[in-house]
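Everything below concerns the one structure shown next.
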């Protein structure tokens, strides 16, 4: 039993140390200091992040039928269910080039459509990218942040006598007249001291809390120091000065700023910056839309939510809405439309404006999205879609990438090698069985010869 407690205390100590090293929770002041030190890393959008993620795991040159290609090692890591993806370097290189283009232009404005026969590893390719993002987000180089609004409990003299607490108010003389800019942030309060926590459902980058034109000015100055160039030579990505907060966060920000008579330092005390980690399982920055008729984003008005009830009275006049759905969950990451063309075309038309403008229109307002869109489909559905009059409208927003069957017998053998090794422990397998099976499989994928030629 004593050995168990020793291990438990060791786990507790090591995990607390890891938590501190990762800087999972911090004040906005600390985030700004971190942003000053490495601005390029912390202002990345989704396409730049994915590009950096692929580059982080490295690549190696290979030769394929006399052609020089690059093998990106993220496909050796494997997916959530299976091992590494064997072969496919040609189409994988095309995916990387498209993402490079997105990174260079500063935004992603096309849907990456992976099309090919069933079983050609289209979905597995997207899952491999998603898994690499999860692993990369756990490294120091891959750190990403979002923010929450924190409203603490405060006891008035009457409350203290009665042993009661309530949400912090903004009408008291203490809050409105004293300069609280240098007082500690509410970000590190214990749960028992917090009346309300409002998360940013879009996982927005905390840089959007810096108002313009200061955001552009500061980022240029900090990036100039980081790169060793003049501020006027710095070219910011478009989202850094064109994008902003969601409507809900903007309303909270403006209301607090008015309540504090323009003292933005007091507003920032309510900001808790939180590091998050991409997760396929929990749909954090990674999501998949199945072909069934589902709504990819929606919202509801919050009325009975306890967090809303415990907010300061000055914020009670705001009509709070909560956005949800795959588009919202996937923001700042990737969204895959699985077997996309199994859906009716009418259900896809909203994608045109969503992809082109990187915005989502909901009843309460329009919000910016930061996403790389993927889709998978087979050749049969794609050919039928090409014959549709709607294809012309969509084709300009598609980046079509063919994912063919594997036609290399030796690589086909690698896929089943582990299965054969496991089976051979209990079953007698004739020599050359795997080689013949894979040879037969590859031959069935070849087109019939044209007898006229």
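Numbering (our numbering), first residue to last: 108 to 560.
Quick reminder that beta carbons are idealized off the backbone N, C-alpha and C, glycines included.
- Message: What would DSSP say about residue 380, mapped onto helix, strand or coil?
- Response: Walking along the chain shown from the start, residue 380 turns up at place 273. It is a strand residue.
- Query: Count the other CB atoms within 10 Å of the CB of residue 403; is the residue buried (16 or more) or exposed (fewer)?
  - Reply: Position 296 of the chain shown holds residue 403. When all chains shown are included, residue 403 counts as buried.
- Query: For the candidate residues 416, 405, 479, whose alpha-carbon lies nearest to that of residue 439?
  - Reply: Numbered from its first residue, the chain shown carries residue 439 at position 332. It is 479.
- Task: Assuming residue 218 and residue 482 form a contact by the criterion Cβ under 8 Å, report the distance between their Cβ atoms to the nearest whole angstrom.
- Result: The residue given as residue 218 occupies position 111 in the chain shown. The residue given as residue 482 occupies position 375 in the chain shown. Residue 218 to residue 482, Cβ: 5 Å. Contact.
- residue 505, enclosing beta strand (DSSP E) - first and last residue: Mapped onto the chain shown, residue 505 falls at position 398. First-last of the beta strand (DSSP E) with residue 505: 505 to 509.
- Can the beta-carbon of residue 445 be found less than 8 Å from the beta-carbon of residue 486? Counting from one through the chain shown, the residue named residue 445 turns up at place 338. Counting from one through the chain shown, the residue named residue 486 turns up at place 379. It is not a contact, given that the beta carbons lie outside the stated cut-off.
- Message: Let's see if you can read the secondary structure: which residues bound the beta strand (DSSP E) around residue 316?
- Response: Taking the first residue of the chain shown as 1, we reach residue 316 at position 209. Counting along the chain, residue 316 sits inside no beta strand (DSSP E), nor does DSSP assign it H or E at all.
- How about residue 318 and residue 254: do their beta carbons lie closer than 8 Å? Residue numbering aside, residue 318 sits at position 211 when the chain shown is read from its first letter. Residue numbering aside, residue 254 sits at position 147 when the chain shown is read from its first letter. Not in contact: residue 318 and residue 254 (Cβ atoms no closer than 8 Å).
- Task: Examine the Cβ distances between the region 361 to 375 and the region 428 to 435 and report whether three or more of them are shorter than 8 Å.
- Result: Output reads no: the region 428 to 435 does not touch the region 361 to 375.
- Query: What are the start and end residues of the alpha helix (DSSP H) that includes residue 487?
  - Reply: As a working note, residue 487 is residue 380 in the chain shown. Counting along the chain, the unbroken alpha helix (DSSP H) around residue 487 starts and ends at 486 to 493.
- Beta-bridge pairing of residue 222 - partner residues as DSSP gives them: In the chain shown, the residue the question calls residue 222 occupies position 115. DSSP lists 484, 509 as partners of residue 222.
- Item | Contact under 8 Å by Cβ, residue 522 with residue 530 | Taking the first residue of the chain shown as position 1, residue 522 is located at position 415. Taking the first residue of the chain shown as position 1, residue 530 is located at position 423. No; because the gap between Cβ atoms is not below 8 Å, this pair is not in contact.
- Query: For residue 392, is the classification buried or exposed, using 16 other Cβ atoms within 10 angstroms of its Cβ as the cut-off for buried?
  - Reply: To locate residue 392, count along the chain shown from 1; it is residue 285. Classification for residue 392: buried.
- Buried or exposed: where does residue 547 fall if 16 or more other Cβ atoms within 10 Å of its Cβ makes it buried? Mapped onto the chain shown, residue 547 falls at position 440. Per the 10 Å Cβ criterion, exposed.
- Query: How many whole angstroms separate the CB atoms of residue 386 and residue 241, which I take to be in contact at a CB cut-off of 8 Å?
  - Reply: Taking the first residue of the chain shown as 1, we reach residue 386 at position 279. Taking the first residue of the chain shown as 1, we reach residue 241 at position 134. Right, their Cβ atoms sit about 6 Å apart.
- Task: Please go through the region 436 to 484 and give each complete alpha helix (DSSP H) segment of 4 or more residues, from N-terminal end onward.
- Result: 457 to 464
- Measure from the alpha carbon of residue 136 to the alpha carbon of each residue in 376, 519, 539, 553, then state which is nearest. Working through the chain shown from its first residue, we reach residue 136 at position 29. Ranking the options by Cα distance to residue 136, first place goes to 376.
- Task: Taking residue 452 as the reference, give the member of 500, 545, 302 with the closest Cα.
- Result: The residue given as residue 452 occupies position 345 in the chain shown. Of the candidates 500, 545, 302, the one whose C-alpha sits nearest the C-alpha of residue 452 is 500.
- Three-state secondary structure assigned by DSSP to residue 266: As a working note, residue 266 is residue 159 in the chain shown. Confidence in residue 266 is poor, its pLDDT being 39 and thus under 50, which makes the residue's placement too unreliable to answer from.
- Query: Looking only at C-alpha atoms, which of 457, 421, 354 sits nearest to residue 107?
  - Reply: The first residue shown for the chain is 108 and the last is 560, placing residue 107 beyond what the model contains.
- Task: Kindly indicate the opening and closing residues of the alpha helix (DSSP H) around residue 393.
- Result: As a first step, residue 393 is located in the chain shown; it is residue number 286 there, counting from the start. Residue 393 -> not in any alpha helix (DSSP H); beta strand (DSSP E) instead, spanning 393 to 396.
- Task: With a threshold of 7 Å, establish whether the CB of residue 446 neighbours any heavy atom of the ligand SAM.
- Result: The ligand SAM is not part of the structure shown, which contains no ligands of any sort.
- Task: Report the three-state DSSP secondary structure of residue 153 (helix, strand or coil).
- Result: Within the chain shown, the letter at position 46 stands for residue 153. DSSP places residue 153 in helix when its eight states are reduced to three.
- Counting only the same chain and skipping the five closest in sequence on each side, list residues whose C-beta sits under 6 Å from that of residue 206. Position 99 of the chain shown, counted from the first residue, corresponds to residue 206. Hits under 6 Å: 154, 157, 158.
- Contact set for residue 524: own chain, Cβ-Cβ below 8 Å, skip 5 residues either direction: Along the chain shown, read from residue 1 onward, the residue named residue 524 stands at position 417. Result list for residue 524: 541, in chain order.
- Task: Report the option in 454, 426, 383, 315 whose CA atom is closest to the CA atom of residue 407.
- Result: Along the chain shown, one-based indexing puts residue 407 at 300. Answer by Cα proximity: 426.
- Task: Determine the burial state of residue 270: buried for a count of at least 16 other Cβ atoms within 10 Å of its Cβ, exposed for fewer.
- Result: Your numbering for residue 270 matches position 163 in the chain shown. The predicted model places residue 270 with a pLDDT of 43, which falls under 50 and marks its position as unreliable; any figure quoted below should be read in that light. Looking at its Cβ environment, which holds fewer than 16 other Cβ atoms inside 10 Å, residue 270 is exposed.
- What three-state label does DSSP hand residue 303 in the structure shown? Locating residue 303 in the chain shown gives position 196, where the first residue counts as 1. It is a strand residue.
- Message: Please list the terminal residues of the continuous alpha helix (DSSP H) segment that includes residue 206.
- Response: Against the chain shown, residue 206 aligns to sequence position 99. First-last of the alpha helix (DSSP H) with residue 206: 196 to 212.
- Message: Give me the DSSP bridge partner(s) of residue 333.
- Response: Position 226 of the chain shown, counted from the first residue, corresponds to residue 333. Residue pairing of residue 333 in beta bridges, as defined by DSSP: absent, with no partner found.
- Item | Residues near residue 76 in its chain [Cβ-Cβ closer than 8 Å; skip 5 each side] | Past the boundaries of the shown model lies residue 76; the chain is included only from 108 to 560, so the question cannot be answered.
- CB-CB length for residue 163 against residue 226, believed under 8 Å: Here residue 163 refers to the residue found at position 56 of the chain shown. Here residue 226 refers to the residue found at position 119 of the chain shown. No, residue 163 and residue 226 are not in contact; Cβ-Cβ is about 29 Å, not under 8 Å.
- Secondary structure of residue 390, DSSP reduced to three states: Along the chain shown, one-based indexing puts residue 390 at 283. Of the three classes helix, strand and coil, the one that applies to residue 390 here is coil, per DSSP.
- Task: Use the C-beta contact count for residue 181: other C-beta atoms within 10 angstroms, 16 or more gives buried, fewer gives exposed.
- Result: For the purposes of this step, residue 181 is taken as the residue at position 74 of the chain shown. The residue is buried, with at least 16 neighbouring Cβ atoms inside 10 Å.
- Message: Assuming residue 295 is part of the beta strand (DSSP E), what are its boundary residues?
- Response: Stepping through the chain shown from its first residue, residue 295 is reached at position 188. Residue 295 -> no beta strand (DSSP E), and no H or E assigned at all.
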